[in-house]
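Engineer: Here it is, the structure in full.
Given below as structure tokens:
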């Protein structure tokens, strides 16, 4: 008797995905925490899950003004390298230096210790998605 193929459903994955309501998101899977004219930026739980084990984060744009949608760095996983796209126009103020020695923080705590950069926002934030809009995008 043939074995029955196991049906894979993604509903549970998206149900359990961490998408904090207090953050904003992009279609490129970055998250943004706005604090006045400063933004803390990282990649979403969905993005780190798709990439797999993060082994290196390369950001050399500190001090630069980077336009919305331009690349501000890269993240390297075991099998791929992915560009990081700026969700808002602004000056990169700080890189999370903890990621140099512990890039796995992006996997383990993407919305906390795994943040990537702080930016002084100089452009509009109107293009950012709400948590509900992001859930609809990835779900």
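Numbering (the working numbering), first residue to last: 59 to 197.
Note that the Cβ used here is the ideal one computed from N, Cα and C, for glycine as well.
(1) Do the stretch 122-132 and the stretch 155-168 touch if we need at least three Cβ pairs shorter than 8 Å?
(2) Comparing alpha-carbon positions, which option in 91, 168, 98 and 191 lies nearest residue 104?
(3) Under the DSSP definition of a beta bridge, which residues are partnered with residue 108?
(4) Indicate whether residue 183 and residue 92 have their beta-carbon atoms separated by less than 8 Å.
(5) Helix, strand or coil: which one does DSSP assign to residue 158?
(6) What are the boundary residues of the alpha helix (DSSP H) that residue 193 is part of?
(7) Name the residue from 122, 138 and 155 whose alpha carbon lies nearest to the alpha carbon of residue 148.
(8) Could you have a look at residue 67 and say whether DSSP puts it in helix, strand or coil?
(9) How would you call residue 139, buried or exposed, if buried means at least 16 neighbouring beta carbons within 10 angstroms?
(10) Measuring only the C-alpha atoms, how far is residue 172 from residue 157?
(11) Do residue 179 and residue 95 count as a contact pair if the criterion is CB distance below 8 Å?
Structural biologist: By the coordinates alone:
(1) no
(2) 168
(3) Partner(s): none; residue 108 has no beta bridge.
(4) yes
(5) helix
(6) 189-196
(7) 122
(8) Here the model assigns residue 67 a pLDDT of 33, short of 50, so the residue's position is not dependable and the matter cannot be decided.
(9) exposed
(10) 7 Å
(11) yes
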